[in-house]
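A.B. asks: Position in the sequence shown (first residue = 1) + 1040 = the numbering used here.
Where a beta carbon is used, it is the ideal one built from N, C-alpha and C, also for glycine.
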Amino acid sequence: MVNLWHSSSVADELKSRSHLTSDEVALLCAELEGLSSKQIAKTLGLAPDAIDCRFQRICAKLRTKTRREALRIAVAYGYIDDRPAGPRCLSA
1041 MVNLWHSSSV ADELKSRSHL TSDEVALLCA ELEGLSSKQI AKTLGLAPDA IDCRFQRICA
1101 KLRTKTRREA LRIAVAYGYI DDRPAGPRCL SA
């Protein structure tokens, strides 16, 4: 029971500290789907460098070094649901 409370407490702390926007969560969902920066950029009408910059901001907010690590954190703390039924982005 204490473990569950601690996990919930850590998740709440991460969410309150990170302040991920819905656009940032959407980028993490695109990462989960395996899309490259070029593919995401084309969809959004932006330059790939702009997408990379946005991922750098996400990593800074989540205190990670890579976008894959940021994705794992986002899944672990409930920003993204990656169950077998298919990835779903949850509200930030």
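Looking only at its own chain, which residues have a Cβ that is under 8 Å from the Cβ of Cys1099, when we skip the five neighbours before and after it?
C.D. replies: Your numbering for residue 1099 matches position 59 in the sequence shown. For Cys1099, where only same-chain residues beyond five positions count, the Cβ hits under 8 Å are Lys1105, Thr1106, Arg1107, Glu1109, Ala1110.
A.B. asks: Since Ala1114 and Leu1068 should fall inside the 8 Å C-beta cutoff, what is the C-beta to C-beta distance between them, to a whole number of angstroms?
C.D. replies: Working through the sequence shown from its first residue, we reach residue 1114 at position 74. Working through the sequence shown from its first residue, we reach residue 1068 at position 28. With 8 Å as the limit, Ala1114 and Leu1068 qualify as a contact, their Cβ atoms being about 5 Å apart.
A.B. asks: Tell me whether Asp1122 sits in a helix, a strand or coil according to DSSP, three-state version.
C.D. replies: Along the sequence shown, one-based indexing puts residue 1122 at 82. The answer is coil: DSSP assigns Asp1122 none of H, G, I, E or B.
A.B. asks: Starting from Glu1064 and walking both ways along the alpha helix (DSSP H), at which residues does that stretch end?
C.D. replies: Counting from 1 along the sequence shown, the entry for residue 1064 is found at position 24. First-last of the alpha helix (DSSP H) with Glu1064: 1062-1072.
A.B. asks: To the nearest angstrom, how far is it from the Cα of Asp1063 to the Cα of Arg1094?
C.D. replies: Counted from its first residue, the sequence shown places residue 1063 at position 23. Counted from its first residue, the sequence shown places residue 1094 at position 54. One C-alpha to the other measures close to 10 Å.
A.B. asks: Tell me whether Ala1087 is buried or exposed, calling it buried when 16 or more other Cβ atoms sit within 10 Å of its Cβ.
C.D. replies: The sequence position of residue 1087 within the sequence shown is 47, counting from 1. Classification for Ala1087: exposed.
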